[in-house]
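Asker: Quick note, in my numbering, the first sequence goes up one by one and the last residue is 280.
Quick reminder that beta carbons are idealized off the backbone N, C-alpha and C, glycines included.
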Amino acid sequence: MHCGSLMPELPEVETYRCYFRRLAVGKPIRGVIVSDRRIFPDWSGGQLRHRLVGRTFTRTERRGKYLIAYLDARRDAASGTKAGACMVIHFGMTGSLQFSRSGLRQPPYSRAAFRFDHGALHFVDSRRFGGIWWVADLTELDRIRILGADPLSEINGPDAMSEIVRRSSQPIKQALMNQRLIAGIGNLYADEILFQSRIHPRRRPASLKRVEWERIFHSMKEVLREAIRLCSQMERYPDSYLLPHRGRDGQCPRCGAVLKTLRQGQRTTYYCRTCQK
DNA sequence: AGGACGCCCTGTTCGC
DNA sequence: TGCGAACAGGGCGTCC
Numbered sequence: 004m005h006c007g008s009l010m011p012e013l014p015e016v017e018t019y020r021c022y023f024r025r026l027a028v029g030k031p032i033r034g035v036i037v038s039d040r041r042i043f044p045d046w047s048g049g050q051l052r053h054r055l056v057g058r059t060f061t062r063t064e065r066r067g068k069y070l071i072a073y074l075d076a077r078r079d080a081a082s083g084t085k086a087g088a089c090m091v092i093h094f095g096m097t098g099s100l101q102f103s104r105s106g107l108r109q110p111p112y113s114r115a116a117f118r119f120d121h122g123a124l125h126f127v128d129s130r131r132f133g134g135i136w137w138v139a140d141l142t143e144l145d146r147i148r149i150l151g152a153d154p155l156s157e158i159n160g161p162d163a164m165s166e167i168v169r170r171s172s173q174p175i176k177q178a179l180m181n182q183r184l185i186a187g188i189g190n191l192y193a194d195e196i197l198f199q200s201r202i203h204p205r206r207r208p209a210s211l212k213r214v215e216w217e218r219i220f221h222s223m224k225e226v227l228r229e230a231i232r233l234c235s236q237m238e239r240y241p242d243s244y245l246l247p248h249r250g251r252d253g254q255c256p257r258c259g260a261v262l263k264t265l266r267q268g269q270r271t272t273y274y275c276r277t278c279q280k
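1. Got a sec, what are the start and stop residues for the beta strand (DSSP E) Trp137 sits in?
2. Tell me whether Asp162 is buried or exposed, calling it buried when 16 or more other Cβ atoms sit within 10 Å of its Cβ.
3. Tell me which residues share the same chain as Ser113 and place their Cβ nearer than 6 Å to its Cβ, disregarding the 5 neighbours each side in the sequence.
4. Tell me, to the nearest whole angstrom, how far the beta carbon of Gly57 is from that of Ile32; I am working on the premise that it is less than 8 Å.
5. With the cut-off set at 8 Å, would you say Ile185 and Ala152 are in Cβ contact?
6. Looking at the structure shown, is Thr277 part of a helix, part of a strand, or coil, going by DSSP?
7. Just to check, is the beta-carbon of Ala88 closer than 7 Å to a non-hydrogen atom of the ligand NAD?
8. Below 8 Å between beta carbons: does that hold for Leu51 and Trp136?
9. Based on the DSSP secondary-structure assignment, which residues constitute the bridge partners of Gly122?
10. Excluding the 5 residues preceding and the 5 following Arg40 in the sequence, name in chain order all residues of the same chain whose CB lies nearer than 6 Å to its CB.
11. I'd like the list of long-range same chain contacts for Ile71, defined as Cβ closer than 6 Å, with 5 residues on each side in sequence excluded.
12. Where do the ends of the alpha helix (DSSP H) carrying Ile175 lie?
13. Mind checking which residues open and close the alpha helix (DSSP H) that includes Ala163?
14. Would you mind sorting Lys176 into buried or exposed? The rule is 16 or more other CB atoms within 10 Å of its CB.
15. Who are the near neighbours of Val226 in its chain, counting only those whose CB is closer than 7 Å to its CB and skipping five residues on each side?
16. Is it buried or exposed for Lys68, if we count other Cβ within 10 angstroms and need 16 for buried?
17. Output yes or no for whether 8 Å exceeds the beta carbon distance between Pro174 and Gln267.
18. For Thr272, count neighbouring Cβ atoms within 10 angstroms of its own Cβ and tell me buried if that reaches 16, exposed if not.
19. Are the CB atoms of Leu262 and Tyr244 nearer to each other than 8 Å?
20. Met223 and Leu9: beta carbons closer than 8 Å?
21. What does a CB cutoff of less than 8 Å around Lys30 pick up in its chain, not counting 5 residues either side in sequence?
22. Since His93 sits in a beta bridge, which residues does DSSP pair it with?
23. For a test of the three-state rule: what should DSSP assign to Gly7, helix, strand or coil?
24. Lys280 and His221 look like a contact to me (Cβ under 8 Å); what is the Cβ gap, rounded to whole Å?
25. Where does Phe43 sit, in a helix, a strand or coil, going by DSSP?
26. So if DSSP puts Arg270 in a beta bridge, which residue, or which two residues, is it bridged to?
27. If we ignore side chains and look at the alpha-carbon of each, how far apart do Gly1 and Arg218 end up?
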């Protein structure tokens, strides 16, 4: 039992957030299984188990591609100080959440799990690019503090979008993926947004006209909202999307031309040479 | 300062 | 057919 089928970007993390809320929030934690402590970059002894067992996740939120889960307040008996209040999960490339009703069976590549009365929620990550942090306050984490605007709730129009993205002189594709400017867009959705906007991925932000920002802004909202609505199940995405056609010899759903690729940064960009100018 | 690039990691795909 | 090489990429670190 799991969810999501793509590399974890904003819509996938939002999908995982719903999953986490449904299966973990409000249920007392009975045990913590750490199968690979490398997934906890700040690991310090057995603190995690000690601090989590008996407590309850109270609410969730998403910051960019990060899932945050808050815990009920409890004071450390020893120190009298407040115990860490939130857990931060990053899914890397291959991270996912999988729930198993039988607490005994561990899915392959499970790195950590929270055991509840009704089963266990596993953090599964074959490639280990993901991570879990445990902090009293989100501002302790540089990687959270540097995050830019949330594309769905904090960017209100084409002018605001242009103002933010033009802070970068990088090509528009890379600027859209820059988490310091806009938080949550990765390689795949950046390609989708530019395809829907019919903008060439190598265009420089400074060269884009108002009407083009309008298209980018509109596509960004539309693509992210639609992906969340469809619970990031790619097989349900509209055929007019680039994503289902992204891959070797894929064809443009708009004009039928074979899609082109290029390298930007260390990433592969898919685009249509005739439709994106 | 900020952009370019190496690195981490491992399952899958490619090419000889 | 088999096996090694190349590829996939989010984010941090280093270098210029």
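Answerer: Looking at the coordinates:
1. Counting along the chain, Trp137 sits inside the beta strand (DSSP E) bounded by residues Gly134 to Val138.
2. So Asp162 ends up on the exposed side.
3. Hits under 6 Å: Ser38, His125 and Val127.
4. Approximately 7 Å separates the beta-carbon atoms of Gly57 and Ile32; this is inside 8 Å, confirming the contact.
5. In contact: Ile185 and Ala152 (Cβ atoms closer than 8 Å).
6. When secondary structure is reduced to three states using DSSP, Thr277 falls in the coil class, being assigned neither helix nor strand.
7. Among the ligands in the structure shown, none appear at all, so the ligand NAD cannot be discussed.
8. No, Cβ-Cβ distance for Leu51 and Trp136 is not below 8 Å.
9. Beta-bridge pairing links Gly122 to Phe119.
10. Close CB contacts of Arg40 within its chain, under the 6 Å cut and outside five residues either way in sequence, are with Trp46 (chain order).
11. Cβ neighbours of Ile71 beyond the five flanking positions: Glu64, Cys89 and Val91.
12. Per DSSP, Ile175 belongs to the alpha helix (DSSP H) from Ile175 to Met180.
13. Bounds of the alpha helix (DSSP H) holding Ala163 are Pro161 to Val168.
14. That one is buried.
15. If we look at Val226 and ignore the five residues flanking it on each side, its Cβ neighbours are Tyr192, Glu195, Ile196 and Gln199.
16. With 16 or more Cβ atoms within 10 Å of its Cβ, Lys68 is classed as buried.
17. Yes, Cβ-Cβ distance for Pro174 and Gln267 is below 8 Å.
18. By the 10 Å Cβ count, Thr272 comes out buried.
19. Using a Cβ distance threshold of 8 Å, Leu262 and Tyr244 do not count as a contacting pair.
20. Leu9 is positioned such that its CB atom lies no closer than 8 Å to that of Met223.
21. Apart from sequence neighbours up to five positions away, the residues of its chain that approach Lys30 with a beta-carbon distance below 8 Å are Thr59, Phe60, Phe119, Asp120 and His121, ordered along the chain.
22. Note: His93 sits in a beta bridge opposite Tyr69 and Gly134.
23. Residue placement at Gly7 is flagged as unreliable, the pLDDT there being 44, under the threshold of 50; the coordinate-derived value follows with that caveat. The answer is coil: DSSP assigns Gly7 none of H, G, I, E or B.
24. With a Cβ gap of about 17 Å, Lys280 and His221 do not count as contacting.
25. Coil, per DSSP.
26. DSSP, once it has assigned bridges, lists Gln267 as partnering Arg270.
27. Within the shown structure, residues of the chain are numbered from 4 to 280, placing residue 1 beyond reach of any answer.
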